[in-house]
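Quick notes on the structure that follows.
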Amino acid sequence: MNTPYSIIPILSGTLLAYFITWILSRQKWISRNVHRQIWNTLLLITFLFTIVLGLLLALKANYNLKFAFLDEALPVHVDFGIAMSIIGLLHIFWHLNYFKRLFGKETEPKSTETSEEKQVDIRKTPLLFPFILGFVTLTGQLVLFRDYLAIFGGNALYVGILLSLWLILTGVGTQLARDKAFSVTKIIRMLLMLTVLPSISILIIRITHGWLFETGTETGPLSFAFFALFTLAPLCLTGGLVFPVLSQHRPGETTGLIYSWESAGSLLAGMLFSFVWVFLISPIQTVALTGIISLALLLFLRRRMKEIPLYTTSAITILLVFLAIFPPEKSTRASLFPGQQIQSIIQSISGELVITKAESQSNVFENSRLLYSQGSPSAAEEPVHYALSQLAHVNQIAVVSGALTGVLTECLKYHPNRIDYFEVNGKLLELEQQSHAIPNDSLIHIHRTDFQRWIAQHPAQYDGVLLNIPPPETPSASRFYSKEFFRSIRKKLSDSGVVAIPLLSTANYLDPTTVRLYQSVVATIQPYFKHWLILPGNRDILLVSNGKLHANILTRVNDLGIMTNYIAYFVDESELVTRSHEYAEMMTNGAPMVWANHPIAVSYFTGFWLKKHGLSYILFGTILFVIFIFLISFTRGISRSMFAAGFTASTMEIIPLILIQSAFGYSYYLIGVIFTLFMAGLTLGARWKIAEGPKSNDRIYRQHIWFMVLLILQWAIAGWLSPGRTVIYIASELLLIALTGWLTGRMFQLISRQYQPKTEAPAMVYKADLYGSAGGAMLVSVFLVPLLGINLTLIVLLMMHLLLTFVSKHRTSSVST
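What follows is the structure, encoded as structure tokens:
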């Protein structure tokens, strides 16, 4: 929102800074006194600024002082006052005991004997407890992530920020449990809290978004990260706190046992969400149903654990049942669409579809991005007429998505013999058919499948291919801009066939980052097409063909006798020709090509998007690298091997998904299968029996060797990337994913057994796993793979494991001697 005072940024920044110095003091990097001195100094600074500016402003108001700087002093005075208030509250929190003594009764100090006799009840807890933990937290993660992306829109950076924050906050939760013991009663209370926290979190996210952010504007990455940090924190910190505590309540058993049951709960949650719930029920119903199932399991356990409170559990169950029956989906979404009435909300494989109505105008949004607005013909006319007006005769046309804009109606004006329409999103296709966006014409053939997969399996000869595709915002989306895609599409075009590729919305200016992106795409198409042309529009459109291309679109459309509502009245042909020539002059040679295994376009798009929010791609990458080093510093000894395993596990989930979709097209179910296989392997690895023996200490370095073998196999299998080897390639990749999960679970079990002191093993090893996964989630998908490519990324991971192999071997040798 456009507010005069920066309450949220100051609050977020102050709390984040306090959290960092608190962690540093906990890790003994700075002393507790230094931590307090820092904040006492900041309190003094903010106090002095506040009172001095306040006094000057009062004098100005009373005596009409004419100092120019006082004209802009009020917002500064208030902002320093906000910071002082926050730091003052933290200062009060430090001295709560003083105020208790000041306003309360004097009490005798407890004797040492009494405190020593007081012990926490350490009894065995059921293995269903970690199962419930994994079941609730993983479902909450999946639902909340979809909701964040549905509200803010999504690109690779947002996904990376969310996943990294989730894993880091959960790791911080495990750190908080270090050297602490909780009674069975407290554990049950935390599990009860976890069952309802996802429902509370999703409501808070939706309601507070409308208060904090201006509707219809893009949220920058820093604001998004702060918002996600504070809204995810309750669920993540609680979930992270519970895991090591549960390990303490299974004395004499390995931490791997708890890890395997937690992974099994996550496995079930992932399967139910990916294959069932996402298609049948809403997000609020999903988290409510998850809580109900978990509470039912707790009530089942009450027969042998009387600490489970009957009335509290029943009350929470009733609340969640009410939410499941009457989910407030429309009312909590209303702030996202002011002035519009929400007609329906549809959950689809690619996100959330919202249909709204404002007076007589209907709008369709996908993940808060406007897909179609009634009465906006430019989205339909520009790609169709820019491309098809280049041809004297049109026989066959392929249209990829976008029917809601009216693109198929425009295509019919060229009297083709056949139109193939492709839409992989079944829910969106149903909406297009119900709204009559797909004309009832026998010439139109509908294909509910991925276009790239279809053309690899069927003969076709198109005169025009119109791609309504997203920009290269993720490695998976960049497949439509890759050399492999253009090579396959060239085989399906007639000699003078034209392909229309939408680029970015650039208005009247191309910044250097956008120019590099365009240069890279043009360099990629040049081996397969002799001619190309970039035309400005609602989104800039790249035309490629082996026939001549022309920029005088209005003249050509009129010569063909085609009636238009937008191009005929709102397109300036002379400006179109001039701008297309300017674009051509900017496209110099030497730009890197986009490959399936090196999606360089993602780095350019991310840079373009960051620049819109005042950030540099290099600066942002540097910040993330510093955070990555910071995370490594919080692990020590053999737990760094677990950090490497978590980092590799994230990578080995991301890379196969990129490669498979680049070769064979998008498949929602493939994502679910990859996650399911990884979690199944993780569960088995954590439960796999490890025999005790004199050489058990050298097993960690052997695990690093096996990780290196997997990385080498991934590099070799990537060379098989070909649509002609579909079955063997996908089967090989899925086997590698399962083996990666198995090795990660086994590494967790090995390190947990050897970590010293034993009491810290659950917290420290689990934290290292989470921090490594967080680093992989952000760095690999957003930076390493786009900048270095998949092959070099695998080499970086190979070197990391090679280094840790030598370190582990040296440590083992030292222990033996």
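So the sequence shown is residues 748 to 1564, counted in this note's numbering.
All C-beta atoms in this analysis are idealised placements derived from N, C-alpha and C, irrespective of residue type, glycine included.
- Per DSSP, lysine 1104 is one residue of the beta strand (DSSP E) stretching across 1098-1105.
- Shown here, leucine 821 sits in a helix according to DSSP, grouped into three states.
- Listed in chain order, the non-local C-beta contacts of methionine 1426 below 7 Å within the same chain comprise Ser1010, Ser1013, Leu1014, Gly1017, Gly1488, local neighbours out to five positions each way being set aside.
- Bounds of any alpha helix (DSSP H) do not take in valine 1245; it lies within the beta strand (DSSP E) bounded by 1240-1249.
- Unbroken alpha helix (DSSP H) runs of no fewer than 4 residues, entirely contained in the region 1254-1321, are found at 1259-1272, 1300-1306, 1314-1317, following chain order.
- Glutamine 1496 carries a helical assignment under DSSP once its states are collapsed to helix, strand and coil.
- Contact check for serine 1397 against glycine 1523 passes: the beta carbons are separated by less than 8 Å.
- By the neighbour-count criterion, in which 16 or more other beta carbons inside 10 Å mark a residue as buried, valine 1146 falls on the buried side.
- In the structure shown, isoleucine 1092 adopts extended strand secondary structure according to DSSP, grouped into three states.
- If you look at glutamine 995, you'll find it in the alpha helix (DSSP H) that goes 968-995.
- Ile934 is the residue among Thr793, Pro968, Ile934, Leu904 whose C-alpha sits nearest the C-alpha of leucine 988.
- In this chain, isoleucine 1028 is not harboured by any alpha helix (DSSP H), its DSSP state being neither H nor E.
- In the three-state reduction of the DSSP assignment, tyrosine 1209 falls in the strand class, which pools E and B.
- Around the beta carbon of valine 799, a 10 Å sphere encloses fewer than 16 other beta carbons of the protein chains shown; the residue is thus reported as exposed.
- Sorting Arg1326, Leu1214, Gly967 by C-alpha distance to the C-alpha of glycine 1361 places Gly967 at the top.
- Counting C-beta pairs closer than 8 Å gives fewer than three between the region 1299-1306 and the region 1246-1264, which falls short of the contact rule.
- Three or more Cβ pairs drawn from the region 914-931 and the region 1512-1521 lie within less than 8 Å of each other, which places the two stretches in contact.
- In this structure the region 1332-1342 does not touch the region 1207-1218; the number of beta carbon pairs closer than 8 Å is below three.
- Per DSSP, the beta-bridge partners of valine 1111 are Ile1102, Tyr1119.
- Of the other Cβ atoms in all chains shown, fewer than 16 fall within 10 Å of the Cβ of asparagine 1164; this residue is therefore exposed.
- Using a Cβ distance threshold of 8 Å, serine 946 and valine 883 do not count as a contacting pair.
- In the structure shown, the three-state DSSP call for arginine 1195 is coil.
- In the structure shown, tyrosine 1168 falls within a strand segment according to DSSP collapsed to helix, strand and coil.
- Taken in chain order, the complete alpha helix (DSSP H) segments of 4 or more residues contained in the region 1008-1068 are 1030-1048.
- Proline 991 and serine 948 do not touch by the CB rule: their CB atoms are close to 22 Å apart, not below 8 Å.
- The distance from the Cβ of isoleucine 1039 to that of alanine 1071 is about 7 Å, consistent with a contact at the 8 Å cut-off.
- Counting along the chain, isoleucine 898 sits inside the alpha helix (DSSP H) bounded by residues 875-899.
- Assignment of beta-bridge partners to glutamine 1143 by DSSP yields Arg1165.
- The shortest CA-to-CA distance from isoleucine 1193 to any of Glu1179, Ile1065, Lys1359 is the one to Glu1179.
- Cβ contact annotation for alanine 1105 (same chain, cutoff 8 Å, sequence separation greater than five): Gly1086, Gln1087, Gln1088, in chain order.
- DSSP places tryptophan 1435 outside both helix and strand once states are collapsed to three, so it counts as coil.
- Cα atoms of threonine 932 and phenylalanine 1530: separation of roughly 45 Å, rounded to the nearest angstrom.
- Collapsing the DSSP output to three states places histidine 1183 in coil.
- In this structure glutamine 1199 touches phenylalanine 1232 by the C-beta definition: roughly 6 Å separates them, less than 8 Å.
- Methionine 1340: not part of any alpha helix (DSSP H); DSSP gives it neither H nor E.
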